[in-house]
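Student: Chains as they are written, first to last, in this note's numbering: chain U, 1436 to 2056; chain H, 161 to 540.
Positions of the beta carbon are idealized from the N, C-alpha and C atoms, including for glycine.
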Amino acid sequence: MSNNEITLTIDDQKVTVPYGTTILKAAEKLGIKIPTLCFHEDLCISGACRMCVVEIEGFRTLQASCAYPITAPIVVRTSSPKITRARKNILGLILSDHYGDCYTCKKNMNCELQTLSKDYGIDAFCFGRKSKPEKETSKELKFGDNIDWPIQYDPEKCILCERCVRACTGYYMDNGVLGVSERSNNSKISTFKDFPLSRVNCINCGQCVTHCPTGALTERDDRAVVWKALTDPTKHVVIQTAPAPRAGIGECFGVEPGHSFTFEMNTALRCCGFDKVFDTNFSADLTIMEEGTELLIRLYKALVEKDASIKLPQFTSCSPGWVKYLEHFYPEFLDCASTAKSPQQMFGAIIKTYYAKLNNIDPKNIVSVALMPCTAKKFECDRPEMRASGFKDVDYGITTREMAQMFTEAGIDLPKMPKSDFDNPFGSATGSGVIFGATGGVMESALRTVIDLVTGEKVEDLYANADIIPVRGFEGVRYAEIPITKVGPVPAILKHLVPDWNWLKGVTLKVAVAHGTANARKVMEDIKAGGKFSECHFVEFMACPGGCLGGGGQPIPTSPQIRAKRAKAIYADDKGLKVRKSYENPAVLEIYEKFLTDGPCGHLSHKLLHTKYVARGKYIK
Amino acid sequence: MIKAINFNNLTFAAINAAEALKSALAKPASQIITEISDSKLRGCGGAGFPAGLKLSLLSKETNTPKYIICNADEGEPGTFKDREILTNYPDLVFAGMAIAAHATGATKGILYLRAEYNYMREHLENVITQYRNKDFDLIIRLGAGAYVCGEETSLIESLEGLRGEPRNRPPFPIQQGFLNQPTGVNNVETFAWITSIISKGAKWFNAVGTEKSFGYKLFSISGDCAKPGVYELPMGTTLAEMLKIAGGEGAKAVQVGGASGQLINAANFNRKLAFEDAPPSGSIMVFGAKRKMLDIAENFLDFFYDESCGQCTPCRKGNPKLLEGIKLLKEGKCSKEYLEQLIDLCETMQTASKCALGQSSPNAFLTIIKDFSEEYALKQ
Chain U
1436 MSNNEITLTI
1446 DDQKVTVPYG
1456 TTILKAAEKL
1466 GIKIPTLCFH
1476 EDLCISGACR
1486 MCVVEIEGFR
1496 TLQASCAYPI
1506 TAPIVVRTSS
1516 PKITRARKNI
1526 LGLILSDHYG
1536 DCYTCKKNMN
1546 CELQTLSKDY
1556 GIDAFCFGRK
1566 SKPEKETSKE
1576 LKFGDNIDWP
1586 IQYDPEKCIL
1596 CERCVRACTG
1606 YYMDNGVLGV
1616 SERSNNSKIS
1626 TFKDFPLSRV
1636 NCINCGQCVT
1646 HCPTGALTER
1656 DDRAVVWKAL
1666 TDPTKHVVIQ
1676 TAPAPRAGIG
1686 ECFGVEPGHS
1696 FTFEMNTALR
1706 CCGFDKVFDT
1716 NFSADLTIME
1726 EGTELLIRLY
1736 KALVEKDASI
1746 KLPQFTSCSP
1756 GWVKYLEHFY
1766 PEFLDCASTA
1776 KSPQQMFGAI
1786 IKTYYAKLNN
1796 IDPKNIVSVA
1806 LMPCTAKKFE
1816 CDRPEMRASG
1826 FKDVDYGITT
1836 REMAQMFTEA
1846 GIDLPKMPKS
1856 DFDNPFGSAT
1866 GSGVIFGATG
1876 GVMESALRTV
1886 IDLVTGEKVE
1896 DLYANADIIP
1906 VRGFEGVRYA
1916 EIPITKVGPV
1926 PAILKHLVPD
1936 WNWLKGVTLK
1946 VAVAHGTANA
1956 RKVMEDIKAG
1966 GKFSECHFVE
1976 FMACPGGCLG
1986 GGGQPIPTSP
1996 QIRAKRAKAI
2006 YADDKGLKVR
2016 KSYENPAVLE
2026 IYEKFLTDGP
2036 CGHLSHKLLH
2046 TKYVARGKYI
2056 K
Chain H
161 MIKAINFNNL
171 TFAAINAAEA
181 LKSALAKPAS
191 QIITEISDSK
201 LRGCGGAGFP
211 AGLKLSLLSK
221 ETNTPKYIIC
231 NADEGEPGTF
241 KDREILTNYP
251 DLVFAGMAIA
261 AHATGATKGI
271 LYLRAEYNYM
281 REHLENVITQ
291 YRNKDFDLII
301 RLGAGAYVCG
311 EETSLIESLE
321 GLRGEPRNRP
331 PFPIQQGFLN
341 QPTGVNNVET
351 FAWITSIISK
361 GAKWFNAVGT
371 EKSFGYKLFS
381 ISGDCAKPGV
391 YELPMGTTLA
401 EMLKIAGGEG
411 AKAVQVGGAS
421 GQLINAANFN
431 RKLAFEDAPP
441 SGSIMVFGAK
451 RKMLDIAENF
461 LDFFYDESCG
471 QCTPCRKGNP
481 KLLEGIKLLK
491 EGKCSKEYLE
501 QLIDLCETMQ
511 TASKCALGQS
521 SPNAFLTIIK
531 DFSEEYALKQ
């Protein structure tokens, strides 16, 4: 036992833990499970629900084990008649004010309150039960009233654990949208002045949803509209699937986290009636071409032409949560954001133009669905800017959870599905597209392509297996420098933009990666203050912890461990692919040859694949 | 005015705050702590933590700056002693804070003033300037009316501009309080006694009292008595003696320690106001023979229902259930089984609530159920 360790007794067993470990964690080490409700691995400690109370010898009152740091050799009891009575009473109190039929709840069979009720053998509502509340009709929309907003809130199911509040503002996120208003029994989760989410700075990241223990916070359910399209014979329904849902969806079918079901899912989607199943990795590669080219143009203009109007660093724009965060909190930096659309929206625009023309389908009859790990994607595809094709580029964004639900409704046991490939002409994927699903993935993909195109050599010479380790991992903010020591000839695809690369020789490319808006804020504040990150050339931002794999549309529960496993699955998929660089994707090369003939960042790609942003500001209008 | 019972011919009126402070500043910090420890003064806010020990613990903290906070959020129903002290003897309070700062190495002081006492702010601001200097930055901050902010960690949250909600303990404010710095929070009266003890000596203070409770204490006496007011009484005074002094003989029960304290019926009026017996915190409410005990319980629970911060489940949801239960009892609609369920709930609230508010709010309910069973009928 070292100096900073301490030995205590829990349920008559000795256990040694680091000083300051909570009783909950120490008990876990002994295999003792203490029930929790307001506790979550991702969030700061609250100690509000009191489910995890335990007895400590010499204490008159019970102590919340999640919130009690061990600093003395205490003697703890985690189960006793007194404790059980307290826990049952607490459950009874919560249930007395929790209205909702489990049958009709989205979180049925995945609800922590339901599980605890079962674990404690709750057989009666000992403090009564709430009857169906009368819906107040007020003229003005309040928090929870927007039926079309991606995030839905049902106060009747809320148990005031404040996990959403701590998810919205905490270790990972710094949105500050949700809080508690009023007090006592009138306490409620609320926004500023109880405004609906559409009127406040909600970025739709959905972290409140993935951290809610009950069905109080959920995503807008778009299953019905998708089913309707699927059964409409006049509609050609296509779906694109993002990389992160593949690495997560198995969890909805009882599979341990960390297994991809990419090809099983293709079959399942066809069983559901989708006419074509496309791989968002294609448009991720396209994004790299556009965003990478944009970066090179910015660098050329800034370094060679000394154009002071050029803003650096360039920020990624794939994460719609991050984009809206930037629009709200740092509108003065919108010029830094890459104008490239996200892969979802690029694909949407291509499907309703190039693909429609190629297959002679009237784009108005195409219903374009995107399977995303993300609730913010629902907002993104509804943006008025996203109609470059003349139609809504993507009609519906559905989450991993909604898709799993649709599979279940269709009687599909996903893990048992036979495997099948994606449809052409966008079928072939690269490893670069796959790793978009993890924090640092966009940066790694961009670097793989930019380094190759600029140096004329292979990135593998710099990083073994083209694994750019410095930008990987779960560290909140990561920074890397890549010195460009030699340059090659300008490849044909970029010849129209720059005459040579000589100006890049000797330049050290500085890049950074941040995930979670709390980390994004750190980087932004540093940039604002002219710190180290202001000297970066390119910064990747992802709104959600861990990137898309920890997105607000991913299976519940989530935790650092689960996200690490999903990341492992994603990097394993990358390793297994032959082509791992975006610019080598034959489908991407083909589209520049046949459709976007004036090249990356050319006229047509500007029209279809690039967008503009809205300076929203942080103050409510 | 403080109606002092001239036990020793001594009251706050006789203390010269400026002189006490001057003499304290001339002494080493350790000597001040020893003096206060020897006096056996305990915190006057309700919990009764030994005042000397608190100073000693704070002095040992190495993290700076350290804060001294005076809790003037006097919100316990039936308490108005701090109001009298602040009105008549603010010097004793500020001098006490400065003495505590000197003893502990604190450099910043905050008086957290109850929102309803805003009217005396100007008066206090005038006095405070004499005690604010380069070594001790002393300011007044106002509460916003929440009862729970009298609880020290909620008070600190409120000072930080956050919702007034209790924090998890440990860490204690002494280790990580205001802005996560070491913080000593004391009641108004405690500081006044600190100044008095420095002036008169520990022996003067601990010469009176019981075996475990020493010195003098102010009580706000109100309710069904002829002479309500603030009284200075020695520790160990029995309730019967106290009632005689305040003209409350013939009372049916006395609520000691405010709404969250204890209800004591006439059969137990021989109990002493002392830490080991009837809690000697500031509030005494006298209930005459005509009072209906269920009404009293309802009144208290109505208060707690309103004042719970709403953070932890037992308190947020428990108080409404107890209030509902009292209403059922009044209407004769409460069954024996449900009453037992509610008594069980009281235990949960007392043991599992996060702070003292929820832990003590069922006290009056339990006593009335137990000691005044003749006042209600159960549903048959």
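Between residue 1450/U and residue 1465/U, is the Cβ-Cβ spacing less than 8 angstroms?
Tutor: Yes, these two residues count as a Cβ contact at 8 angstroms.
Student: Is the CB of residue 470/H under 8 angstroms away from at least one CB in chain U?
Tutor: Residue 470/H counts as touching chain U.
Student: Could you tell me which residues DSSP puts in a beta bridge with residue 1490/U?
Tutor: Residue 1490/U is bridged to 1512/U.
Student: May I have the straight-line CA-CA distance separating residue 1556/U from residue 484/H, to the nearest angstrom?
Tutor: So the two alpha carbons sit approximately 26 angstroms from each other.
Student: Can you list, in chain order, the residues of its chain whose CB lies under 8 angstroms from that of residue 316/H, leaving out five sequence neighbours each side?
Tutor: Same-chain partners within the cutoff: 229, 327, 333, 337, 338, 343, 345.
Student: Consider the Cβ of residue 1511/U: report whether some Cβ of chain H lies at a distance smaller than 8 angstroms.
Tutor: Not closer than 8 angstroms to any Cβ of chain H, the Cβ of residue 1511/U fails to qualify, so no.
Student: Tell me where the alpha helix (DSSP H) around residue 1835/U begins and ends.
Tutor: 1835-1844 is the span of the alpha helix (DSSP H), which, as asked, contains residue 1835/U.
Student: How about residue 1504/U: is its C-beta nearer than 8 angstroms to some C-beta of chain H?
Tutor: For residue 1504/U, the answer is yes, since a Cβ of chain H falls inside 8 angstroms of its Cβ.
Student: Write down every uninterrupted run of the alpha helix (DSSP H) in the region 1575-1657 of chain U whose length is 4 residues or greater and which is fully enclosed by it, in chain order.
Tutor: Here the runs fully enclosed are 1598-1603, 1642-1646.
Student: Out of 199/H, 418/H, 187/H, 532/H, point me to the one whose CA is closest to residue 368/H's CA.
Tutor: Comparing Cα positions, the closest option is 199/H.
Student: Output the residue ranges of the beta strand (DSSP E) runs that lie fully inside the region 420-466 of chain H and measure 3 residues or longer, sorted by chain position.
Tutor: Runs found: 422-425, 443-447.
Student: Taking all protein chains shown into account, decide if residue 167/H is buried (16 or more other Cβ within 10 angstroms of its Cβ) or exposed.
Tutor: Reliability of the predicted coordinates at residue 167/H is poor, the pLDDT of 42 falling under 50, and the value obtained from them is presented with this limitation in mind. Result: exposed.
Student: Mind checking the region 481-506 of chain H against chain U and listing, in chain order, the residues whose C-beta falls within less than 8 angstroms of any C-beta there?
Tutor: Residues 481, 501, 504, 505.
Student: On the three-pair Cβ rule with 8 angstroms, is the region 1910-1921 of chain U touching the region 1931-1948 of chain U?
Tutor: Short answer: they touch.
Student: Distance cutoff 8 angstroms, beta carbons only. Does residue 467/H sit that close to anything in chain U?
Tutor: Output row for residue 467/H: interface = yes.
Student: Which residues of the region 516-532 of chain H have a Cβ closer than 7 angstroms to any Cβ of chain U? Give them in chain order.
Tutor: The region 516-532 of chain H vs chain U, Cβ under 7 angstroms: 519.
Student: Beta-carbon separation of residue 1459/U and residue 1505/U under 8 angstroms?
Tutor: Not in contact: residue 1459/U and residue 1505/U (Cβ atoms no closer than 8 angstroms).
Student: Given that residue 1496/U touches chain H, what residues does it touch there, using C-beta distances under 7 angstroms?
Tutor: The answer, in chain order, is 511, 519.
Student: Which whole-angstrom value is the C-beta distance of residue 249/H and residue 352/H, which I expect to be below 8 angstroms?
Tutor: Going by Cβ atoms, the distance from residue 249/H to residue 352/H rounds to 6 angstroms, so yes, they are a contact pair.
Student: Chain U partners of residue 323/H, CB-CB under 7 angstroms?
Tutor: The answer, in chain order, is 1615.
Student: Residue 1562/U touches chain H at which residues, Cβ-Cβ below 7 angstroms?
Tutor: What residue 1562/U touches in chain H: 481.
Student: Determine, using beta carbons only, whether residue 1484/U comes closer than 8 angstroms to chain H.
Tutor: Yes, contact with chain H.
Student: Classify residue 1599/U: buried if its beta carbon has 16 or more other beta carbons within 10 angstroms, exposed otherwise.
Tutor: Counting Cβ neighbours within 10 Å, residue 1599/U comes out buried, since at least 16 surround it.
Student: For a contact meaning CB atoms closer than 7 angstroms, what does residue 1391/U contact in chain H?
Tutor: Shown here, chain U extends from 1436 to 2056; a query on residue 1391/U therefore has no answer.
Student: Would the region 468-476 of chain H count as touching the region 513-521 of chain H if we require 3 or more Cβ pairs under 8 angstroms?
Tutor: Yes, since at least three Cβ pairs between the region 468-476 of chain H and the region 513-521 of chain H fall closer than 8 angstroms, the two stretches touch.
Student: Which one of 1478/U, 1977/U, 1517/U has the shortest CA to CA distance from residue 1750/U?
Tutor: It is 1977/U whose Cα lies nearest to the Cα of residue 1750/U.
Student: Taking C-beta pairs closer than 7 angstroms, name the residues in chain U that residue 330/H reaches, listed in chain order.
Tutor: Here the neighbours are 1504, 1506.
Student: Measure from the C-beta of residue 1847/U to each C-beta in chain H and report whether the shortest distance is under 8 angstroms.
Tutor: No, no contact with chain H.
Student: Should residue 489/H and residue 526/H be called a contact, given that it needs their Cβ atoms to be closer than 8 angstroms?
Tutor: Not closer than 8 angstroms, so no.
Student: Do residue 1809/U and residue 1986/U have their C-beta atoms closer together than 8 angstroms?
Tutor: Result yes, Cβ atoms of residue 1809/U and residue 1986/U sit closer than 8 angstroms.
Student: Quick one: give me the first and last residue of the alpha helix (DSSP H) that residue 1885/U is part of.
Tutor: Its alpha helix (DSSP H) spans residues 1876-1890.
Student: Thinking C-beta only, is residue 1531/U closer than 8 angstroms to residue 1553/U?
Tutor: No.
Student: Is residue 2076/U buried or exposed, if buried means 16 or more other CB atoms sit within 10 Å of its CB?
Tutor: In the structure as shown, chain U starts at 1436 and stops at 2056, and residue 2076/U therefore has no counterpart that could be examined.
Student: So, for residue 161/H: in the same chain, excluding its five sequence neighbours on each side, which residues have a beta-carbon less than 8 angstroms away from its beta-carbon?
Tutor: With a pLDDT of 46 at residue 161/H, under the threshold of 50, the modelled position of this residue cannot be trusted, and the question is left open.
Student: Write down every uninterrupted run of the alpha helix (DSSP H) in the region 393-418 of chain H whose length is 4 residues or greater and which is fully enclosed by it, in chain order.
Tutor: Counting whole runs of 4 or more residues, the region 393-418 of chain H contains the alpha helix (DSSP H) stretches 399-406.
Student: Grouping DSSP H, G and I as helix and E and B as strand, with all else coil, what is residue 1945/U?
Tutor: Reduced to three states, the DSSP call for residue 1945/U is strand.
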